[in-house]
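Colleague: Pasting in a structure now, in structure tokens, and then I'll have a few things to ask.
Residue numbers (my numbering): 1 to 233.
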């Protein structure tokens, strides 16, 4: 219980950690550094999915539970992505631009973090040593650039830097609640562990292929992003 609580808090608060630079920045992050960071987190998440979540799902269940869990994870993220206003970074050399209103962006990122919190909680419910810590690290690394992007957007909406930092931090805090929920559900119903691990892997793979890799390869920094992805993996 202590481990999952600490892991979920650190993972969730990494969103705020990623937003810290907004307090000291006078100009936007360059596309190259943004792409390198996104690709690196994609590599970390890929390693966590393929070398930890999927093998552990198979070990604690069957191929069918793995397949069903993966499908549910992908479909859940697909539904969220299709029905919730989402941040889309326009690939422009001049900076980061958004079309959605600030309130919708905050709601979108907050809801987007719900399955990530479940992934952390389910991973800590697994019997595999250090699986929970690895997934919490992977999700935390993914949250950091996300927090920075949210803070940058809010700052561009004439919101003070401190308020932008605080709001960005709050968007990740929901992961603590959903992480504990996932942990307790899989502990009370042991058969859900295999499905839960596969669900987490499916959700993370969707984020990697749908969001992180395309975003990191859209501004002419493909080679740097590729090296960063391989390093993370």
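Every residue gets a Cβ at the ideal spot worked out from N, C-alpha and C, and that includes glycine.
Just so we're clear, the structure is a prediction, and the values are computed from it rather than from any experiment.
1) Looking only at its own chain, which residues have a Cβ that is under 6 Å from the Cβ of residue 31, when we skip the five neighbours before and after it?
2) Are the stretch 169-180 and the stretch 37-51 touching by the rule of at least three beta carbon pairs closer than 8 Å?
3) In whole angstroms, give me the CA-to-CA distance for residue 97 and residue 221.
4) Quick one: is residue 230 buried, meaning 16 or more other Cβ sit within 10 Å of its Cβ, or exposed?
5) In angstroms, rounded to a whole number, what distance separates the CA positions of residue 54 and residue 160?
6) Measure the alpha-carbon distance for residue 168 versus residue 65 and round it to whole angstroms.
7) Output the distance between the C-alpha atoms of residue 151 and residue 62, rounded to the nearest integer angstrom.
8) Can you look up residue 24 in the DSSP assignment and give me helix, strand or coil?
9) Residue 22 and residue 148: beta carbons closer than 8 Å?
10) Could you check the C-alpha separation between residue 201 and residue 12 for me, to the nearest Å?
Modeller: This is what the structure gives:
1) Within the same chain, 219 come within 6 Å of residue 31 by CB-CB distance, once the 5 residues on both sides are set aside.
2) Short answer: they don't touch.
3) Summary for residue 97: the model assigns pLDDT 46, below 50, so the residue's position carries little reliability; its value from the coordinates is reported in the next sentence. The straight-line gap from Cα to Cα measures roughly 18 Å.
4) That one is exposed.
5) Rounded to the nearest angstrom, the gap between the Cα atoms of residue 54 and residue 160 is 43 Å.
6) Cα to Cα, the separation comes out at about 35 Å.
7) CA-CA distance, residue 151 to residue 62, rounds to 42 Å.
8) If DSSP states are grouped into helix, strand and coil, residue 24 belongs with coil.
9) Against a cut-off of 8 Å, the Cβ pair of residue 148 and residue 22 comes out as a contact.
10) Using only the alpha carbons, I get a separation of about 18 Å.
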